[in-house]
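Remarks on the structure that follows.
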Amino acid sequence: MSEIPDNHLILPISKPTKGAGGKTGSWRVFRPVILEDKCIKCMMCWMYCPEAAIEAHSRNEVPKINYDYCKGCLVCKEVCPVSAIKSEREGE
Amino acid sequence: METYDVITGNDAVAWGARLSRVEVIAAYPITPQTTIVEKLAEWVDKGEIDARYIAVESEHSAMSAAMGASAAGARAFTATSSQGFLYMFEMISWAAGARTPVVMAVVNRALGPPWNIWSEHTDALMARDTGWIQFWASNNQEALDSIIQAYRVAEDKKVILPAMVMLGGFVLSHTAMPVRIHDQDKVDQYLPPYSPPHYVLNPKLSEPFAYGNILFPWDYAKVRLSIQRAMENSVDVIKKAAREFQEIFGIWHGDLIKEAYTDNAEMLIFALGAVAEQAEATAELLRKKGYKVGVVKVRVTRPFPKHEIAKLANKVSRIIVIDRDISFGWDGILAGEIKATLHEHNVDTPVTTKIMGIGGDDILPDHIEKAVKEVYNK
Ligand code: SF4
Ligand code: SF4
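Sequence lines, in order, name chains R and U. Quick note, the first sequence lines up with residues 1297 to 1388 if you use the numbering used here. Quick note, the second sequence lines up with residues 4 to 381 if you use the numbering used here.
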């Protein structure tokens, strides 16, 4: 049973942490794969990934997808200007 | 300096917002509200008020922007009516849950279909379960003053809830009356700047945080039910705000209710806003004809003035509630609330609902007199 609390101001505040929503990688149906030789390191995929699941430490490296958290939406594949991201069905 | 002017209810609301030193105004036009935000936009444009005006593409966005501004620590204002109010509804509920003390003027207008632009109270009454404090202005001076009082109450540390101030479409919004425009210094003394107990968009905070993410039932219940506590706290805050307003400005609009001719009354009329003002004028005439009739203006519908109403109802033998609204399949909305209140307080005075003025149909003293006479000698 829910009771009315004494406190009149309870605020639902949350601080960002890595994987606050669990390992969302398990939701994935399609896996994005970056083709290293085609990638021009423009960082569009890094910028657009809604889960911040693409890691990039320098402009000289090909970004890396963290598959623990990549949920497979394929936004990265859609925005890549040189089609350097392909998708594979998980489990195939 | 204090001045007097003959202005419409909508201009009075705009003055209320201006004197409250609103910092962000986000609004979308809709009849009969439009001239409120037009006036404010004009003042912003001329640099007469130090506020940002956000022109949005819908009422849903208007409330979203006002809420965002409030979360960032600004005093935010918006206004709407009828269909716009319904379109905003999702964000109306969210603003209360987010504890952003936005103040909104609602110029009451009937809902479609059929299309209608005239006064009816059903729009705002639909939001009585959202967690907003609800004030009803019965004349233009009260419209101006209620905006200022609404900020005082909404931003009080014991409350922190948004508040809406209602005024009847056209009967007040577009009708000019003499209004006192207060001295800015006095308003500043009454209403200090907004200093929120919580920030979301505070650039001084080094750690960013999110607000209102998913919560499981046990935590959700705690957060939501804390709104009930805030509403309970607001009863005394509203009373104090009304008392101090009277001390500083010498004007008494009532607190949660306002009584007129209630001394030795045998019958009471309950109503909202300008309808209650009309009932008061009618009661004056009826008293001269020997009818012991009093009027209770229900000035605040959330929190509902249960104790005040029960106490007054207990002293009379007949009650009429005039509702310019209806809850289909139930009753007049105010009448339903009053009947529940009387039951809760074991008061058995019979209550008669009179639904009047739907879709802006005039409520004239003759109509109220006829209703009183039908019930008075029963
Ligand atoms: S598929 Fe979606 S979640 Fe995964 S890396 Fe691409 S944009 Fe991010
Ligand atoms: S968007 Fe394509 S080209 Fe640009 S960094 Fe990502 S994978 Fe490489």
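Backbone N, C-alpha and C define an ideal beta-carbon position, used for all residues, glycine too.
{"Asked": "CB-CB length for R/C1376 against R/P1359, believed under 8 Å", "Found": "With a Cβ gap of about 10 Å, R/C1376 and R/P1359 do not count as contacting."}
{"Asked": "Inter-residue Cα distance where the pair is R/T1313 and R/N1362", "Found": "15 Å"}
{"Asked": "CA nearest to the CA of U/M234, picked from U/K300, U/E158, U/E287", "Found": "U/E158"}
{"Asked": "Completely contained alpha helix (DSSP H) runs for the region 275 to 311 of chain U, where each covers 4 or more residues", "Found": "276 to 291"}
{"Asked": "Cβ contact check for the region 50 to 64 of chain U and the region 89 to 103 of chain U: 3 or more pairs under 8 Å", "Found": "yes"}
{"Asked": "Integer Cβ distance of U/A263 from U/E247, believed to fall under 8 Å", "Found": "Not quite, the Cβ-Cβ distance comes to about 22 Å (not below 8 Å), so this is no contact."}
{"Asked": "Coarse secondary structure for U/D8, derived from DSSP in three states", "Found": "strand"}
{"Asked": "Span separating the alpha-carbon of U/V296 from that of U/P200", "Found": "46 Å"}
{"Asked": "Proximal chain R residues relative to U/V226, where beta-carbon distance stays under 8 Å", "Found": "I1306, L1307, P1308"}
{"Asked": "Under the three-state DSSP convention, the category U/G19 falls into", "Found": "helix"}
{"Asked": "Residue-level contact to chain U via CB, R/K1311, 8 Å cutoff", "Found": "yes"}
{"Asked": "Every unbroken beta strand (DSSP E) inside the region 87 to 121 of chain U [3 residues or more]", "Found": "106 to 111"}
{"Asked": "Where U/G382 meets chain R, residues with beta-carbon distance less than 8 Å", "Found": "Examination of residue 382 of chain U is not possible in this model, given that chain U is present from 4 through 381 alone."}
{"Asked": "Sub-8 Å separation of U/A140 and U/A153 beta-carbons", "Found": "no"}
{"Asked": "Cα-Cα separation between U/T81 and U/A69, rounded to whole angstroms", "Found": "7 Å"}
{"Asked": "CB contact below 8 Å: R/P1301 versus chain U", "Found": "yes"}
{"Asked": "Chain U residues whose Cβ lies nearer than 7 Å to that of R/S1298", "Found": "A224, L228"}
{"Asked": "Three CB pairs or more closer than 8 Å across the region 23 to 31 of chain U and the region 49 to 63 of chain U", "Found": "yes"}
{"Asked": "Partner residues on chain R for U/Q231, Cβ-Cβ distance less than 8 Å", "Found": "I1300"}
{"Asked": "Secondary structure of U/I341, DSSP reduced to three states", "Found": "helix"}
{"Asked": "Cβ neighbours of U/T285 in the same chain (closer than 7 Å, five flanking residues each side left out)", "Found": "P368, I371, E372"}
{"Asked": "C-alpha gap between R/L1305 and U/D239, whole angstroms", "Found": "17 Å"}
{"Asked": "8 Å Cβ cutoff met for U/V378 and U/T352", "Found": "no"}
{"Asked": "Three-pair Cβ contact test at 8 Å for the region 339 to 346 of chain U versus the region 300 to 316 of chain U", "Found": "yes"}
{"Asked": "Contact the region 7 to 22 of chain U vs the region 41 to 52 of chain U: 3+ CB pairs below 8 Å", "Found": "yes"}
{"Asked": "Closer than 7 Å: U/V16 CB and nearest ligand 1 heavy atom", "Found": "no"}
{"Asked": "Alpha-carbon spacing of R/P1328 relative to U/N13, whole angstroms", "Found": "57 Å"}
{"Asked": "Close-in-space but distant-in-sequence residues of the same chain around R/K1371 (CB under 7 Å, 5 per side omitted)", "Found": "The question names Lys, yet the displayed sequence has Val at residue 1371 of chain R. Once the five neighbours on either side are set aside, the close Cβ partners of R/V1371 are Y1344, C1345, P1346."}
{"Asked": "Residues passing the C-beta test against ligand 1 heavy atoms, cut-off 6 Å", "Found": "R/P1328, R/C1345, R/E1347, R/A1349, R/I1350, R/I1361, R/C1366, R/K1367, R/G1368, R/C1369, R/L1370, R/V1371, R/C1372"}
{"Asked": "Straight-line Cα distance separating U/S84 from U/T34", "Found": "7 Å"}
{"Asked": "Inter-residue Cα distance where the pair is U/W97 and U/R183", "Found": "35 Å"}
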